[in-house]
Every structure is written in structure tokens, then in C-alpha cells.
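Numbering-wise (UniProt numbering), the sequence shown opens with residue 1 and increments by one.
Please read the structure below before turning to the comments.
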Amino acid sequence: MTDSLKLVGNDPQSAPDMFFFAHDKTGLYAEMGILAPITDFISKDSLSDFIPMTLSAGTYKDTLYQLPIYFETQMFMYNMKLMSTPPKTTDDLLKFAQSNTKNGTYGFVEQHSTAYYAVSWIHAFGGYIIDKDAKPGLNLQGTVDSLKYHKQFVKYQPSDGDYNTMTALFKEGKAASTINLPNLAVDAKKSGIDVGFAPLPTVNSTGKQLSPYAGNQGVYVLKSSESGKKEAITSVLKALMKPEVGVAMSKITNDAPANNKAYSDASVSSNEIVMNLKNSADTVVPMSNVPAMDVMWSVTENMLSTVNKKGADPTTEAAKAQKNALSQIADMK
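What follows is the structure in C-alpha cells.
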């Protein structure tokens with residue numbers, strides 16, 4: 001869809017009037033000039049029931065472009081047969097991993113060298129991958145400190161950090177705990193794993209919880225459709241704002257509705273996965289929606305892989321990655 005909208009986003013004959021998509025491309029489409037602000041159709045006051053994080057996710061340069069419907073983020077899940085009490089701190093998690101990693105079984109696994117997963121550690125140390133002004137933060141002291149601390153956990157995990165490896169270990173009962181997205185919990189339960197959920201642990205030295213990215217799904221309006229179809233589009237948006245929509249979607253996706261009123265429904269409030277996501281809404285960070293984020297994924301993951309898999313010095317690699325990121329962002333412009 002991203003490539004298609006790049007080609008036809010300004011062509012009313014070929015572009016859709018509205019589209020449903022993740023929030024992280026908001027900045028790209030806004031800079032292209034193809035989006036109409038949602039507030040051209042509905043007032044911001046009418047969104048007072050929505051979780052604030054879901055609204056900030058679809059906001060770019062102080063303009064709201066996305067009507068959020070639901071969100072997901074990473075969660076701490078554990079095999080209740082292998083871990084009786086989930087750790088409250090990362091030091092406790094490390095001790096558990098050290099004591100329970102042997103003979104092909106692991107105390108804790110994660111996609112340690114993937115930017116989307118490692119960023120939760122970076123945030124907990126006060127670092128970031130990129131900020132709202134498109135400034136990379138790979139050489140910040142907090143980012144470097146997170147790399148140094150996190151290496152201790154990598155030592156007790158499969159070195160590849162691959163998605164298939166990590167998820168298979170948890171679903172097969174060979175990993176006591178993991179940090180992953182809700183769909184893994186659903187799959188693990190289908191595999192017979194007695195899955196428990198807990199808040200993400202707090203880093204002892206900073207006092208901050210691991211803070212992953214959140215991904216929001218919602219509706220956008222193309223600027224080309226604004227003039228002749230405003231009344232119809234407004235009607236659709238108002239219908240999608242209703243809590244019933246979030247309720248229906250959560251039943252299908254096990255993701256968390258953006259509208260707070262949806263949580264009054266018993267099917268939502270009784271869903272352990274959904275409520276775990278909802279309870280994390282104040283601590284998670286919306287995935288960056290600036291266009292420059294596109295280059296940050298590979299730059300960050302090259303840094304993580306070199307540090308975690310090749311034993312390179314975090315300070316040196318962070319400096320190299322920052323320089324590379326700045327160069328690539330300049331080339332984009």
C-alpha cells in the first residue's frame with residue numbers, strides 16, 4: 001500500500017477516499033501532501049474518550065491525521081509451569097535467565113538484535129532511536145548504556161535472535177519467558193502452553209520500565225476526496241469512533257481498542273491479553289512516524305547485530321551508527 005499511495009495518492013481517479021493503515025507512515029504521507037487532517041471532519045473534542053497515546057501516534061507536526069481504532073505493543077509473557085513468579089526488575093530477570101538456561105532450554109528469550117524489540121531497553125535508559133524532529137539518538141549515553149547492560153541478557157539466549165527461533169522455543173515449552181506481541185500468546189496457548197502475563201520489568205539502575213514501541217491501526221482520509229465527499233466521510237468517521245467498533249475488532253485481533261469506552265464491554269474487560277495491553281498504554285512509546293525512520297531500522301539493527309553477535313564495543317558502534325544515520329537522512333532530503 002505504501003508504494004501504491006506514493007504513486008496515486010494525489011490522483012482522485014486512482015486513489016481511495018479513505019484507507020486503514022498503521023500510524024508509522026503518517027509523516028511520509030503528510031509530507032507528500034496527500035492527507036487531510038481528521039479534524040477537518042470531526043472535532044478534537046469529540047475524541048476525548050480516546051487513549052491519549054493513540055491520538056499522539058497519528059499526529060505529525062501538531063496535526064492529527066489518523067482516527068485510531070486499536071493498538072498493540074509488546075508484552076511480557078511467561079510459561080507458568082516454568083516460571084512461578086514473574087520478575088519485577090530486569091536484574092531479577094537476568095538472575096532467572098542465568099539459573100534456568102541449560103540443555104537447550106532458556107529462562108528468557110527475545111529478538112535481541114531487532115530494533116523493534118531492543119528499543120524497549122533503549123527507552124528504559126533514556127535513549128531513543130529517533131525523535132519527533134527526526135534527530136537520531138543512537139550515540140546518546142542512555143542508548144549506549146542500554147547496549148552495555150542488555151548484552152548480559154543476550155549471553156543467555158540463542159545467538160541468532162531470530163523471530164522463528166525465539167517464538168518456537170516459547171511455543172514448544174523450551175523458554176520460560178519472552179517479550180513479544182499478542183499473537184504469540186494466542187499461538188502458544190493453542191500449543192498447550194499455560195501462558196501468564198505480567199508488567200514489563202523495571203530496570204534497577206534507572207527505575208524505568210522497559211518501554212516498547214506501540215503500533216496503532218486506524219483510518220486516514222485522502223485530501224483529494226475532501227471537497228466533494230466531506231459529508232459522507234464525516235459519517236463514516238463518526239461511525240468508526242463508536243466503542244462498538246473497538247469491541248468488535250478486539251474480538252478478532254486481541255488488540256486494544258483506542259476508545260476507552262470499549263473497555264466497559266465484558267468481552268473486552270475479561271480478555272487478559274487486551275487488558276494487559278491497555279494497562280501499558282501510559283508507558284509505551286508510539287513508533288516514530290517521521291519519514292526518516294525508514295532508514296533507522298537497518299542502521300539500528302546493524303549496530304545491534306555487531307554489538308550483540310560479534311562482541312563489538314557499544315560506544316564505538318553507536319558512534320558509527322549515528323554518523324551513518326545522519327548521512328542517510330541527509331541523502332533522503
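The beta carbon of each residue, even a glycine, is placed where N, CA and C say it ideally should be.
Just so we're clear, the structure is a prediction, and the values are computed from it rather than from any experiment.
For ALA22, the uninterrupted beta strand (DSSP E) run begins and ends at 18–22, by DSSP. Straight through space, the alpha carbons of ALA168 and VAL154 are spaced by roughly 17 Å.
At least 8 Å separates the beta-carbon of LEU200 from that of VAL219.
Here SER267 has VAL247, SER250 and LYS251 as same chain residues with Cβ atoms under 8 Å from its own Cβ, once five neighbours each way along the sequence are excluded. Exclusion of the five residues before and after GLU301 leaves SER113, THR114 and ALA115 as the residues of its chain whose Cβ lies within less than 7 Å of its Cβ. The beta carbon of SER177 sits closer than 6 Å to the beta carbons of TYR78, MET83 and PHE108 from its chain, once the five residues preceding and following it are set aside; these are given in chain order. For SER99, the CB contacts under 7 Å within the same chain, skipping 5 residues up- and downstream, are GLY107 in chain order. Assigned with DSSP and collapsed to three states, MET77 falls in strand. In chain order, ALA312 and GLU317 place their CB closer than 8 Å to the CB of THR306, counting only its own chain and leaving out the 5 sequence neighbours on each side. Using a Cβ distance threshold of 8 Å, LEU64 and LYS44 count as a contacting pair.
Note on ALA232: under 16 other CB atoms within 10 angstroms of its CB, so exposed under the neighbour-count rule. Of the other Cβ atoms in all chains shown, 16 or more fall within 10 Å of the Cβ of TRP121; this residue is therefore buried. Among the bridge pairs identified by DSSP, ASN180 is matched with MET75. Using a Cβ distance threshold of 8 Å, MET166 and GLU110 count as a contacting pair.
Contact between ASN204 and THR89 holds, since their C-beta atoms are separated by about 5 Å, short of 8 Å.
GLY192 counts as exposed, since fewer than 16 other beta carbons sit within 10 angstroms of its beta carbon. Three or more Cβ pairs drawn from the region 39–59 and the region 278–287 lie within less than 8 Å of each other, which places the two stretches in contact. In the DSSP assignment, PHE125 is bridged to no other residue. The DSSP assignment places no complete beta strand (DSSP E) segment of no fewer than 3 residues inside the region 235–278.
Scanning GLU31, ASN10, MET1 and GLN13 for the CA closest to the CA of PHE20 turns up MET1. In the DSSP annotation of this structure, the continuous segment of the beta strand (DSSP E) that includes GLY218 starts and ends at 213–222. Exclusion of the five residues before and after SER14 leaves VAL8 as the residues of its chain whose Cβ lies within less than 7 Å of its Cβ. For VAL144, the enclosing alpha helix (DSSP H) starts and ends at 141–154.
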